[in-house]
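Chains as they are written, first to last, in the numbering used here: chain V, 10 to 240; chain P, 10 to 240. Contents: one structure, followed by commentary.
2 protein chains.
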Amino acid sequence: MTTAPSHDWLGSLADDRLSQDRARAERVADKLRDRMLDGELTPGLQLNEKAISDALGISRNTLREAFRLLTHERLLVHEHSRGVFVCEPGVDEVSDIYAARRVIECGAIRRWTDATEEARQGVRDAVAFGVRGAAMDNWLDVGTSNIRFHRAITALAGSLRLNEEVQRLLAELRLAFYVMGNPREFYQDYLPMNRAILALLDADAVAEAEQELLRYFDRAESHLVTRLSGR
Amino acid sequence: MTTAPSHDWLGSLADDRLSQDRARAERVADKLRDRMLDGELTPGLQLNEKAISDALGISRNTLREAFRLLTHERLLVHEHSRGVFVCEPGVDEVSDIYAARRVIECGAIRRWTDATEEARQGVRDAVAFGVRGAAMDNWLDVGTSNIRFHRAITALAGSLRLNEEVQRLLAELRLAFYVMGNPREFYQDYLPMNRAILALLDADAVAEAEQELLRYFDRAESHLVTRLSGR
DNA sequence: GCATATTTGTCCGTATGTATA
DNA sequence: CTATACATACGGACAAATATG
Chain V
10 MTTAPSHDWL GSLADDRLSQ DRARAERVAD KLRDRMLDGE LTPGLQLNEK
60 AISDALGISR NTLREAFRLL THERLLVHEH SRGVFVCEPG VDEVSDIYAA
110 RRVIECGAIR RWTDATEEAR QGVRDAVAFG VRGAAMDNWL DVGTSNIRFH
160 RAITALAGSL RLNEEVQRLL AELRLAFYVM GNPREFYQDY LPMNRAILAL
210 LDADAVAEAE QELLRYFDRA ESHLVTRLSG R
Chain P
10 MTTAPSHDWL GSLADDRLSQ DRARAERVAD KLRDRMLDGE LTPGLQLNEK
60 AISDALGISR NTLREAFRLL THERLLVHEH SRGVFVCEPG VDEVSDIYAA
110 RRVIECGAIR RWTDATEEAR QGVRDAVAFG VRGAAMDNWL DVGTSNIRFH
160 RAITALAGSL RLNEEVQRLL AELRLAFYVM GNPREFYQDY LPMNRAILAL
210 LDADAVAEAE QELLRYFDRA ESHLVTRLSG R
């Protein structure tokens, strides 16, 4: 596990003062999670308890509770008597995540006709957001639209627990995306696939949409795996 | 939230002394989880920090970390400045759980032909265990065999993350089973269904097996929901 | 409605064990 | 092997919220 001693990112955490009362640990966890998904806290980085708790003006116990939350989300790994580190997902983890996503999202997309109109509209909105982003050459928006698209597909099943699980899986995947330097390279191929899936759904060709979704998973996984194994 | 002041179950927690070194909070969480799934810690019961930490010979901070873990598994609920309570899942929660299980397990069962022989054998073993239990009129074993069966179905997909999620869902569901006084009443109908599903799988009739699995979910959910709403 | 006791939320200081230089 | 740095866990403290009479 590589240990980068730079704590430059600490400043960005302490900018706004945390107010006193409740759920402080969860707010700290939210802050740390944001920094991880921004790419500021890179995979493999060690998180020092004292440095962070001092920077945030909170106690170590509170910070440890935040670490627990993030460890449970698989964004941090905990090595006994060594500390916590930002996860760096490898090939095995990525394959496992895609196996889970294949099951969940393919199961969810079949509910298209049974889903609420609101849920179906969520899928359309996600695609539309990505189309606008691509038109304005904003590939960061295209990336987030892709996330939104897959969360919207999952939401067709109408289960909060399923939604949360997919959100965890996507957050974990985001740490693997770190190896993809250029977001455009990764996402430009997938926006057309999302549009195709939506077109099939709107034509009530649900089985074909599921097949297309499976093709997406195959391509995205192999794309990511080849990048990860070549390091 | 009902608060039962009886702390009789504390003795059974403190029986074997906790050894010193690692992951103490996780072991405490395991102990508490076992007591919940045994039915010793009944839904709605409040867990007193000081009483439990004293009984276990651990500090409050360590116990609070264990609470965090179990809260994240949805086995405990945390009410601010009031404390933690054993979850009592209602109709909405149960429906949500079954919606998630329908997606996950139906997606997983389709992998039957692609799964490893080891995973397929796991399904056969679970059914066989239930058959033996029924023959010996041991309905507790039949109950655990049902849990094993559904975990084995999930394992066909070959994703550790999916397995863990289903395990969480089943643990949460177990708290809802509390309203079913007689385990035999609940399980005796489902063992034949599991046998039928296995027979269809072994005949490579995967689509029919999935349909039968869906029927199981519909029956189990309505069975539980009618019991929960009539209180 | 009020006063009191209990419980929780938050934090500190410290002793101990462990890994790394 | 020693020294240093760090994580682990404990006990105690105090404020704030809640429950009880």
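The C-beta atom is built at its ideal place from N, Cα and C for all residues, glycine as well.
Starting from the C-beta of V/Gly152, find all residues in its chain whose C-beta is less than 7 angstroms away, skip the five residues before and the five after it, and write them out in chain order.
-> Pro192, Tyr196
Whether V/Ala135 touches V/Arg120 by CB criterion (8 angstroms) = no
Short CB-CB distance (under 8 angstroms) between P/Leu72 and chain V = no
Alpha-carbon spacing of V/Leu184 relative to P/Ala212, whole angstroms | 42 angstroms
Name, please, each residue of chain V whose Cβ falls closer than 9 angstroms to the Cβ of P/Asp105.
-> Gly167, Ser168, Leu169, Arg170, Leu171
Scan the region 109-122 of chain V for residues whose Cβ lies nearer than 7 angstroms to a Cβ of chain P and list them as they occur along the chain.
-> Ala109, Val112, Ile113, Cys115, Gly116, Ala117
From the DSSP output, which residues share a beta bridge with P/Phe76?
-> The partner list for P/Phe76 (beta bridge, DSSP) is empty, contrary to what the question assumes.
Determine whether the Cβ of P/Glu174 lies closer than 8 angstroms to any Cβ atom of chain V.
-> yes
Can you find at least 3 beta carbon pairs, one from the region 104-116 of chain P and one from the region 88-96 of chain P, that sit closer than 8 angstroms?
-> no
Would you mind telling me which residues of chain P sit closer than 7 angstroms to V/Arg33, beta carbon to beta carbon, in chain order?
-> In chain order: nothing, as chain P lies at least about 12 angstroms away.
Rounded to a whole number of angstroms, what is the C-alpha to C-alpha distance between P/Arg160 and P/Asn172?
-> 7 angstroms
Does the beta carbon of P/Arg160 sit closer than 8 angstroms to a beta carbon anywhere in chain V?
-> no
Go through its chain and collect everything with a Cβ distance to V/Val215's Cβ below 8 angstroms, but skip five positions before and after it.
-> Ile118, Arg119, Trp121, Thr122, Leu209
Using a C-beta to C-beta distance shorter than 9 angstroms, which residues of chain V count as neighbours of P/Leu78?
-> Arg77, His81
Leaving out five residues before and five after P/Ile162 in sequence, what residues of the same chain have Cβ atoms less than 7 angstroms from its Cβ?
-> Glu114, Ala117, Ile118, Val132
Hey, does P/Leu178 have any beta-carbon neighbour from chain V nearer than 8 angstroms?
-> yes
Please state whether DSSP places P/Gly92 in a helix, a strand or coil.
-> strand
Spell out the partners DSSP gives V/Leu56 in its beta bridges.
-> V/Val93
Would you identify the three-state DSSP class for V/Leu50, choosing helix, strand or coil?
-> coil
By how many angstroms is the C-alpha of P/Ser90 removed from the C-alpha of P/Leu237?
-> 29 angstroms
Three-state class that DSSP yields for V/Leu165 in the structure shown = coil
How many Å lie between V/Leu85 and P/His81 at the Cα?
-> 16 angstroms
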